[in-house]
Every structure is written in structure tokens, then in C-alpha cells.
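Below you'll find the structure, written out as C-alpha cells, and then a few comments.
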Amino acid sequence: MKRIKFSFEGGGEVYATLLEEKAPLTCEKVWNSLPFESVATQSRWSGREFNFAYKETDLPPRENQTIYTSIGEVCYWRDWNWEEESTLPQVLAIYYGAEMARSHKGHEPVNVFAQVDYSDFEKLLKIGERIWLEGKEKIFIERCER
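Here's what the structure looks like:
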């Protein structure tokens, strides 16, 4: 079972388990890109979600997609209709509440590839609300042994 750790510049960390049976290719590509650093920002459209840029060129395919997300789900999103893949916008997102994945275009399917530990939900909610109220902050993503 592969696990990842998200650490936040403003304080706190949460742990997640990769859902390798449900999204094996997305899990593999994200795992191989670790560690990396990005900037977490509140999602304007999806509500209780913050996301951060993911700048890999080895793109995951559509798998385990949904527009309905739950607390603690970690997702991969890109504009699947983007024509110029060299400048493809793509992000990883963590939901701190049940929401529908959407943008200004409407519903946007996401690959659900990891689940934050239930024991970290309270911390995740506080971190998500802090990012919403105080603004963006650095996030550090790495493999973990926990």
C-alpha cells in the first residue's frame, strides 16, 4: 500500500493512501513524480476544494472519474479537451467537503486516485478553511512510510 504526505507552509500535514486498484495509472504517474512542491489555492468553482499545479508531461488517462467528490478525496484534473498538450493545464486537488467538480465550463470529471485518512479529516477541514480565508500557501507532497 503506497502512501503520500501533504505538508503545508501554514502548518499541518495530512496523509493519504493511493487507490491503486481504482486508478492504477494515475497512482503510478503521481507516485513517480514525488516529491514536489506547489502552491495550494482555493477552488473558485468547486467549493470545499483546494488545488495545486501538477506539471508533469507523462499524463494519466481518464480513470475512476466522477464529478461527485467526498471529503478527503485526492483527484487529478486536466482540461481533457485541450488541444495543445505542451501547455496543458493540470492540477491535483484535495476535497475537504462533499462537492461537485466543476469550473466555469460546467461539470469537470476528475480522476480520484487517493484518499486522505479518516483520522486526518478534522485537520484537513482546518487547512482547507485556512486556505479559503487567508489565501494561497505552499504545499509539499512526498512519499511516506507511515
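Be aware that the sequence shown starts at 0, since it is given in numbering that gives the first Met the number 0, and climbs by one per residue. Positions of the beta carbon are idealized from the N, C-alpha and C atoms, including for glycine. All values derive from a computational prediction rather than experimental measurement.
Runs of beta strand (DSSP E) with 3 or more residues, each lying fully within the region 99-143, are found at 109-115, 136-143, listed in chain order. Pairing Val73 with Glu107, the inter-Cα distance amounts to about 15 angstroms.
Segment contact: the region 59-69 against the region 115-127, fewer than three CB-CB distances shorter than 8 angstroms; contact not assigned. With respect to Lys21, Asn63 sits close: the two C-beta atoms are nearer than 8 angstroms. Sorting Ala113, Leu123, Glu133, Met99 by C-alpha distance to the C-alpha of Ile3 places Ala113 at the top. Beyond the five residues adjoining it in sequence on each side, Leu18 comes within less than 8 angstroms, by CB distance, of Cys26, Asn63, Val111, Phe112, Ala113, Gln114 in the same chain, given in chain order. Relative to Ile138, the option among Val38, Glu128, Glu144 whose CA is nearest is Val38. Phe35 and Arg43 have their C-alpha atoms spaced approximately 24 angstroms apart. Secondary-structure assignment with DSSP links Lys4 through a beta bridge to Tyr14, Glu141.
By DSSP's assignment, Glu27 forms no beta bridge with any residue. In the DSSP assignment, the residues bridged to Trp76 are Val90.
Between Arg47 and Glu8, the gap from beta carbon to beta carbon reaches 8 angstroms or more.
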